[in-house]
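Written out below as structure tokens is the structure these notes cover.
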Amino acid sequence: MSSSGPPSGDTTTSTPRWTLIGPGLVVAATGVGAADLVATLIGGSKFGYGLLWCVVVGCVLKVVLVEGAGRYSLASGKTIYEGWSSLGRWTTWYFAPYIVIWGFVYGAAAMAGTGLSLRSLFPVLSVTTWGIVSGLIGLALVWVGRYNLFEKICAALVGLMFVTMVGAALLTLPNVPELLAGLVPIVPDGGLVNVLSLTGGVGGTITLAAYGYWIREKGWTRPEHMRLMRIDNTVAYVVTGLFVLATLVVGAELLYSAQIAVATGDEGLLDLSEVLADRYGTWAGKVFLVGFWAAAMSSLIGVWNGVSMMFADFVGHARGLAEDAPERMIGGTYYRLYILWLTFPPMIMLFLGEPVWLILAYGVLGAFFMPFLSVTLLWILNSDRVPREWRNKLWSNLLMVLCALTFAALAANEVWEAITDL
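Residues in the sequence shown are numbered consecutively from 493, following my numbering.
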């Protein structure tokens with residue numbers, strides 16, 4: 493599926509290893525969006541540092557799942573969708589409606605998130621108009637399918653996210669002894685939902701499965717790249733963990749200590765920018781809004797690129813096209829078709845609001861993706877679909893079972909909330 497030429501991550505080259513880090517940072521940047529930041533802020537504002545251990549557990553779980561997806565791709569030479577399809581038609585019955593409905597609703601949410609931050613920074617245009625502009629920019633950036641350019645843009649956005657949030661955390665002068673005490677696994681009274689949300693929300697859902705496509709575009713295509721892939725994945729989630737930790741520190745020090753509540757949804761980040769502006773000056777609020785925009789924009793372009801590759805692979809496989817068929821490639825027909833689906837139809841929701849039935853379907857299908865990914869990886873990586881040396885070891889199986897149980901509990905909670913909100 494790669495159109496990026498010869499492998500650029502060959503371990504036989506003399507290029508320093510740190511210069512090859514990339515796809516993991518892309519998947520982490522894509523996965524940590526505005527909604528994850530708000531969930532972390534709310535956790536910190538309610539329980540202080542009491543849920544810090546959830547950040548650590550969440551990062552470990554995502555490292556395990558992303559490593560599993562990457563290991564399957566490198567060991568088998570196949571994409572994750574080809575692995576799913578080998579388990580039976582039931583995977584297609586789930587994935588087909590999921591990727592279509594998810595893309596429509598996510599497209600609107602991503603554009604609204606970027607529009608909200610840009611409206612606060614530059615009030616000359618409305619949230620809807622800024623959202624549409626962001627969607628069109630995202631389309632332009634990924635339309636041709638140049639992975640190297642896409643990776644550099646993601647790295648720049650991650651830099652903005654990291655500097656602004658870590659800077660905000662340092663401004664609040666974190667309480668180190670209390671921070672370390674938060675590593676003790678304790679579920680506060682009334683905090684189970686927050687525990688599940690924070691553990692499950694560290695770094696992505698469907699974009700985790702896109703990792704196998706991104707490492708192909710990077711040129712990592714053989715088992716020889718396995719060690720490099722694991723280093724890349726680990727480094728990426730260490731960065732993600734520090735970023736989410738900084739968000740928790742801000743929630744604990746700035747909001748919990750002063751008993752300040754923030755709104756749910758992206759508006760919670762606007763509330764925080766106002767708190768920062770009131771306490772440290774207008775500049776602090778503006779700088780934070782830039783980080784908010786970077787988090788939202790990195791998620792937008794990551795999905796526009798990565799999930800579009802998954803869709804192209806899905807349709808090409810369903811049509812029986814060869815693996816190297818142009819339609820299944822990044823930049824191919826189905827890749828671009830899904831980018832258009834993510835960009836233009838969701839604009840209707842920006843103007844008309846969100847239909848209840850669509851949001852319910854989105855919530856239900858989306859809630860089951862992480863359990864779906866955990867269970868299918870467990871199945872695939874313990875079978876002859878991969879060479880014996882690359883199958884799961886005991887620790888991998890134990891952690892993937894923990895992933896499946898954690899995300900199943902979170903799914904049940906999300907479905908229940910979706911139904912009760914009707």
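Think of the CB as a built atom: it goes at the ideal place given N, C-alpha and C, for glycine as much as any other residue.
As assigned by DSSP and simplified to three states, the class of residue i
| i | result |
| --- | --- |
| A814 | coil |
| R828 | helix |
| F836 | coil |
| A702 | coil |
| L675 | coil |
| V519 | helix |
| G798 | helix |
| G582 | What sits at residue 582 in the sequence shown is Trp, not Gly. It is helical. |
| N884 | coil |
| G637 | coil |
| F784 | helix |
| G711 | coil |
| S875 | coil |
| I911 | helix |
Alpha carbon of residue i to alpha carbon of residue j, nearest angstrom
| i | j | result |
| --- | --- | --- |
| W908 | F860 | 12 Å |
| G514 | I840 | 34 Å |
| L897 | S765 | 36 Å |
| E643 | R581 | 34 Å |
| L663 | F735 | 15 Å |
| G562 | L891 | 16 Å |
| H717 | T726 | 14 Å |
| V799 | Y705 | 9 Å |
| R820 | H809 | 8 Å |
| G630 | D681 | 42 Å |
| D876 | I822 | 29 Å |
| T824 | P818 | The question names Thr, but residue 824 in the sequence shown is Gly. The straight-line gap from Cα to Cα measures roughly 6 Å. |
| V658 | V741 | 9 Å |
| V767 | L781 | 12 Å |
| W882 | I678 | 35 Å |
| I964 | N797 | Any property of residue 964 remains undetermined from this structure, which presents the chain solely from 493 to 914. |
Element boundaries [alpha helix (DSSP H), containing residue i]
| i | result |
| --- | --- |
| S626 | 619 to 634 |
| R722 | 718 to 742 |
| M862 | 861 to 872 |
| I572 | 572 to 577 |
CB of residue i within 8 Å of CB of residue j, strictly
| i | j | result |
| --- | --- | --- |
| Y586 | F803 | no |
| G783 | M653 | yes |
| A788 | T620 | no |
| G535 | G674 | no |
| A567 | V878 | yes |
| L873 | Y564 | yes |
| I793 | V634 | yes |
| V519 | V558 | yes |
| L529 | A647 | no |
| G540 | E670 | yes |
Please list the segments of the alpha helix (DSSP H) lying wholly inside the stretch 528 to 570, counting only runs of 4 or more residues, in order along the chain.
544 to 568
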